[in-house]
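First comes the structure, then the notes that go with it.
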Amino acid sequence: MRPWKFSLLTLAAGAVVFALALAARSDYLFFAGYVVLQFIVLATAWNILGGYCGYVNFGTAAFFAIGTYTTVALHKIGTNSGRYLSGTAGELLQPLFPLSVPTLVILSGVVAGVIGLGMGYLTLRLRGVFFAIATLALAVVLQTLVINWDFVGGSRGAYIIRDEGLAVAGFKLGYIQYLFAIMLLLAAVALSVARLIEGSRLGYGFATIRDDETAAEAAGVPTLRLKLIATTISGAFMGMAGAPYPYYIGYVEPAGTFGLPYAVNSVAMPMIGGTTSWAGPLIGAMLLGSMQQIATVTISSAVNLLLVGVLLVVFVVIAPNGIIGLVLDWRRSRGKP
Amino acid sequence: MGIPLDLLSNAIVAGLLLGGFYAAVTVGISISFGMLDIVNIAHPAFIILGSYVAYIINATTGADPIAAAVVMLPVFYFLGTGIYQVYYAAFERRGQEALRGLAFFFGLLFITEVGLILAFGVDYRYVEARYIGPTWRLGFVDLPLRMLVPCIVSLLMVLGLQLLLAKSFVGRAVQAVAQDQLALQLLAVDPIRIKRMAFGVSIATAALAGAFLIIIQPVEPSVGREYIGRVFAICVLGGMGSLPGAVIAAMLLGVVESFTATFYGPSWAPAVSFGFLLATLAVRPAGILGR
Numbered sequence: 000m001r002p003w004k005f006s007l008l009t010l011a012a013g014a015v016v017f018a019l020a021l022a023a024r025s026d027y028l029f030f031a032g033y034v035v036l037q038f039i040v041l042a043t044a045w046n047i048l049g050g051y052c053g054y055v056n057f058g059t060a061a062f063f064a065i066g067t068y069t070t071v072a073l074h075k076i077g078t079n080s081g082r083y084l085s086g087t088a089g090e091l092l093q094p095l096f097p098l099s100v101p102t103l104v105i106l107s108g109v110v111a112g113v114i115g116l117g118m119g120y121l122t123l124r125l126r127g128v129f130f131a132i133a134t135l136a137l138a139v140v141l142q143t144l145v146i147n148w149d150f151v152g153g154s155r156g157a158y159i160i161r162d163e164g165l166a167v168a169g170f171k172l173g174y175i176q177y178l179f180a181i182m183l184l185l186a187a188v189a190l191s192v193a194r195l196i197e198g199s200r201l202g203y204g205f206a207t208i209r210d211d212e213t214a215a216e217a218a219g220v221p222t223l224r225l226k227l228i229a230t231t232i233s234g235a236f237m238g239m240a241g242a243p244y245p246y247y248i249g250y251v252e253p254a255g256t257f258g259l260p261y262a263v264n265s266v267a268m269p270m271i272g273g274t275t276s277w278a279g280p281l282i283g284a285m286l287l288g289s290m291q292q293i294a295t296v297t298i299s300s301a302v303n304l305l306l307v308g309v310l311l312v313v314f315v316v317i318a319p320n321g322i323i324g325l326v327l328d329w330r331r332s333r334g335k336p
Numbered sequence: 000m001g002i003p004l005d006l007l008s009n010a011i012v013a014g015l016l017l018g019g020f021y022a023a024v025t026v027g028i029s030i031s032f033g034m035l036d037i038v039n040i041a042h043p044a045f046i047i048l049g050s051y052v053a054y055i056i057n058a059t060t061g062a063d064p065i066a067a068a069v070v071m072l073p074v075f076y077f078l079g080t081g082i083y084q085v086y087y088a089a090f091e092r093r094g095q096e097a098l099r100g101l102a103f104f105f106g107l108l109f110i111t112e113v114g115l116i117l118a119f120g121v122d123y124r125y126v127e128a129r130y131i132g133p134t135w136r137l138g139f140v141d142l143p144l145r146m147l148v149p150c151i152v153s154l155l156m157v158l159g160l161q162l163l164l165a166k167s168f169v170g171r172a173v174q175a176v177a178q179d180q181l182a183l184q185l186l187a188v189d190p191i192r193i194k195r196m197a198f199g200v201s202i203a204t205a206a207l208a209g210a211f212l213i214i215i216q217p218v219e220p221s222v223g224r225e226y227i228g229r230v231f232a233i234c235v236l237g238g239m240g241s242l243p244g245a246v247i248a249a250m251l252l253g254v255v256e257s258f259t260a261t262f263y264g265p266s267w268a269p270a271v272s273f274g275f276l277l278a279t280l281a282v283r284p285a286g287i288l289g290r
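These protein sequences, in sequence, are chains A and B.
First residue of the first sequence: 0, per numbering that gives the first Met the number 0; consecutive thereafter.
First residue of the second sequence: 0, per numbering that gives the first Met the number 0; consecutive thereafter.
Here's what the structure looks like:
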């Protein structure tokens, strides 16, 4: 299938999902669906670096929080633009505020992408494990920065008051429906990009890094440049996934935003689904995401996090290629009697 | 601007005491990551587990936390050998330790943390012991026993491990396995057995480090995360598998953190180790005493 056909198909699938969700007339569905979609974006973003290149990023929460706090900071400037923007440059910028959510998503993507590039530049020249450790530490440091940064609320957290709803092209949408639609679009874009990378020169380059980096280097593959591209794209999508979050949750504070659950989920979902194709993170995110939504309501949120951790360990030990790998193995074994 | 001498010397002493404790926290990583090439990012979680074990024993029997940890050393040793057995069978033998091995330890870290939260909640726990509280004074320098006792026991432990590694047959085999597994096999030593024992020892150190931690400060399950940046920064700066290097690096980080806490405020301290780690990786990945 051509990449543009695939993009159209995902968009169409997204439109169908949105129409079905509207038809169900349940706000809960939108709230729960938003979280699942957010995990689809995070898992797909993680997989671009982790699955395609084989470099593990434990800092999903950090990149996610970069997006979230970019929104918080810009929202605060937007609500009182006269006070924070002074001078000639400020007066030129003033009419642009308050920023709309899609603009914030793009800006957050840029900020997170740049930080990903910087991190990658410092650590990716060394062995892969140092990158993984550095991302783990990045979350702790950014959390320290945010705790000490009073402008975005410090450790007290920050409230974001969202509008009641808004009108898009004549339709009246509730705000949660609007956010759901944005996240749906973002998920479609992320999947399209992942699929596009897979079939391109870039994707083959990534695969050579995953299989044998030394051999790839020897064959003339510009490994460092490819790794930096992957880190930037991956970080940017994680930041974009975090951007609408303050509007969704209404109140953000560092401990929750930098929490380990984001990192664990975005590692577990591709690992459980299967890391080598775009479908793996999608399957993993839908499965684990819906499971957690159900378990949070029926059992408890701590138990369902434990379940994710246990599933992750069980899958990497027993089924290294995830659900997709299991299906492929099963097909192969049926093929030859 | 002059910094008062008593403030300065107190900050240095506090940093050195903290560094002694960091040495105990890092020594396990120096063995597993530095020598065996096993990226055990779950090590801080095992340290927290050690803290809770010391807490339970202290709360139920009133025993000294460090003595309790010494009693628990064999349990942690066998926990470590068990984990290595799974790790070897599932990842190392298949050559998949890079991606999936990391995810495995990350999963263990998460399971330990959430398990502790489920069992004990997120309240801070602390232990009772006679040396928690009093402070010795040498001139204008304070020596809180709460810091001094863990620091001394920790340095003794590192010294003991260093002697074990340098003098005993098993210790030398552990250092050899880091260099050449095949050569070890030719000497009729099973490298997997040696690695299993070494990994067991590295997890056993977490029992003691956990006891020190809960003596120094109250502990809740997610405290361990702050130590991930620290232990790897110290391990890399110290030159990976070198225990003396790790002690020097730990003292250095301790002093820098203590200065940060004294002059900028304690809420900035966690960021220091990360700056340390990044700077080390960018400038001198071989560490201070690295080859």
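Ideal Cβ placement from N, Cα and C applies to all residues, glycine included.
8 Å Cβ cutoff, residue i in contact with chain B
i	result
Leu311/A	yes
Val263/A	yes
Phe62/A	no
Ile132/A	yes
Leu304/A	yes
Leu301/A	Note on residue identity: the sequence assigns Ala, not Leu, to residue 301/A. Closer than 8 Å to some Cβ of chain B, the Cβ of Ala301/A qualifies, so yes.
Gly53/A	yes
Pro319/A	yes
Residue i at chain A interface by Cβ criterion, 8 Å
i	result
Ile371/B	An answer regarding residue 371/B cannot be provided, because it is not within the stretch 0 to 290 covered by chain B.
Ala205/B	no
Ser31/B	no
Ile82/B	no
Ser266/B	yes
Glu225/B	yes
Phe105/B	yes
Val140/B	no
Arg290/B	Low confidence applies here, because Arg290/B scores a pLDDT of 48, under 50, leaving its location unreliable; read the following figure in that light. Chain A contact via Cβ: absent.
Val24/B	no
Phe258/B	no
Phe77/B	no
Residue i beta carbon near the ligand SAH (any heavy atom closer than 7 Å)
i	result
Ala138/A	Among the components of this structure there are no ligands whatsoever, and the ligand SAH is therefore not found.
Close Cβ partners of residue i (< 6 Å) along its chain, the five nearest in sequence each way excluded
i	result
Gly119/A	Leu227, Thr230
Thr261/B	Ala10
Ala62/B	Ile56
Ala186/A	Leu36, Ile39, Val40
7 Å Cβ shell around residue i - same chain, five flanking residues per side excluded
i	result
Gln37/A	Met182, Ala240
Leu304/A	Pro260
Asn57/B	Pro64, Ala67, Val126, Glu127
Pro269/A	Ala42, Trp45, Asn46, Gly49, Gly50, Gly279, Pro280, Gly283
Glu212/A	Thr222
Val222/B	Ile47
Backbone CA spacing between residue i and residue j [nearest angstrom]
i	j	result
Phe20/B	Trp277/A	46 Å
Gly209/B	Gly321/A	35 Å
Glu219/B	Ala22/B	21 Å
Arg290/B	Ser8/B	Unreliable positioning characterises Arg290/B in this predicted model, as indicated by a pLDDT of 48, which lies under 50. A coordinate reading is not provided.
Gln291/A	Ala31/A	10 Å
Val188/B	Val169/B	10 Å
Ala89/B	Gly199/B	18 Å
Pro73/B	Ile202/B	10 Å
Val128/A	Ala97/B	8 Å
Val282/B	Phe273/B	14 Å
Leu15/B	Leu242/B	16 Å
Phe62/A	Ala193/A	18 Å
Gly132/B	Asn79/A	50 Å
Proximity of residue i and residue j at Cβ, strictly below 8 Å
i	j	result
Val24/B	Phe32/B	no
Thr80/B	Met156/B	no
Val315/A	Ala41/B	no
Val140/A	Pro265/B	no
Ala60/A	Phe257/A	yes
Tyr54/A	Val145/A	no
Tyr76/B	Arg195/B	no
Ala245/B	Ser29/B	yes
Val151/A	Ala242/A	no
Beta-carbon contacts of residue i that lie in its chain and below 8 Å, excluding the five residues immediately before and after
i	result
Val35/A	Ala284, Met285, Gly288, Ser289, Gln292
Tyr33/A	Ile175, Leu178, Phe179, Met182, Tyr247
Tyr54/B	Pro64, Arg124, Tyr125, Val126, Ile213, Val218
Contact set between the stretch 203–233 of chain A and chain B, restricted to residues whose Cβ is under 9 Å from the partner: Arg209
At a Cβ cut of 8 Å, what residues of the stretch 244–260 of chain A count as close to chain B, listed as they run along the chain? Leu259
Closer than 7 Å, Cβ to any Cβ of chain A: which residues of the stretch 38–60 of chain B, in chain order? If you check each beta-carbon in the stretch 38–60 of chain B against every beta-carbon of chain A, the ones closer than 7 Å belong to Val38, Ile40.
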